[in-house]
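Residue numbers (UniProt numbering): 1 to 205.
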């Protein structure tokens, strides 16, 4: 493995982690609604879920989609249905009169827990595509397979977390604009719609 291997995978990880998708849209909404600190478990869950997916692909489980294409179709339908539900939850999230006052936020409105974010990766077709593409493109056959796989896990973790953090920080910046209930409702509707539109990526995938 040489420097070009790492540079190529860093670029791949940055592009895959930073482009719009279900994870990043939900992080944007969470950062705006709950702030950066309360969104941290969500971000950690994404990292944990992706690590498990990449490990699964390294072990050959991702090849099942090639051997049995209907499995991927089932994944897309399940993931799509769950995204619709998440989009509805975001669009209909309760609002408060003062966004910056955490004590006034509805108790029904809670950020995604780390384990929920981790499990979501298993029904997120983009996450599976990232994991399978990373393993199929960047692992080295033979004696270096395990070593290259471990480097993929390490590099992706180092790139993914700060990259998705940018989406949460963007949400925090937008949070300053959400000073009244009307703006919050509009923002929730926009984020819910954006989450639902990521279904286009799943349908075309």
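Note that CB positions come from ideal geometry on N, CA and C, so glycine has one too.
No experiment lies behind these values; they were computed from the predicted model shown.
Whose CA, out of 37, 81, 171, lies closest to the CA of residue 191?
-> In the chain shown, residue 191 corresponds to position 191, counting from 1. It is 171.
Quick one: what does DSSP say residue 126 is sitting in, helix, strand or coil?
-> Numbered from 1 along the chain shown, position 126 holds the residue referred to as residue 126. Three-state DSSP puts residue 126 in a helix.
DSSP state of residue 73, grouped into three classes?
-> Working through the chain shown from its first residue, we reach residue 73 at position 73. Looking at residue 73 - three-state DSSP - the assignment turns out to be helix.
Alpha carbon to alpha carbon, how far is residue 121 from residue 46? Give it in angstroms, no decimals.
-> Residue numbering aside, residue 46 sits at position 46 when the chain shown is read from its first letter. Residue numbering aside, residue 121 sits at position 121 when the chain shown is read from its first letter. Approximately 7 Å, taken between the alpha carbons.
Please go through the same chain and pick out, in chain order, the residues whose beta-carbon is closer than 6 Å to the beta-carbon of residue 168, but skip the five residues on each side of it.
-> One-based indexing of the chain shown puts residue 168 at position 168. Excluding sequence neighbours, residue 168 sits near 27, 31, 36, 39.
Do residue 161 and the ligand MG come close, with the Cβ less than 7 Å from some heavy atom?
-> For the ligand MG, the structure offers nothing, since it holds no ligand at all.
Ordered along the chain, which non-local residues of its own chain (more than five positions away) have a Cβ less than 8 Å from that of residue 103?
-> Mapped onto the chain shown, residue 103 falls at position 103. Confidence at residue 103 is low in this model, with a pLDDT of 43, below 50, so the placement of that residue should be treated as unreliable; the coordinate-derived value is given next. Here the set comprises nothing.
Do residue 199 and residue 80 come within 8 Å of each other at the CB atom, strictly closer than that value?
-> Taking the first residue of the chain shown as position 1, residue 80 is located at position 80. Taking the first residue of the chain shown as position 1, residue 199 is located at position 199. Cβ atoms of residue 80 and residue 199: closer than 8 Å.
Inspect the CB distances between the region 8-20 and the region 84-96 and report whether three or more fall short of 8 Å.
-> no
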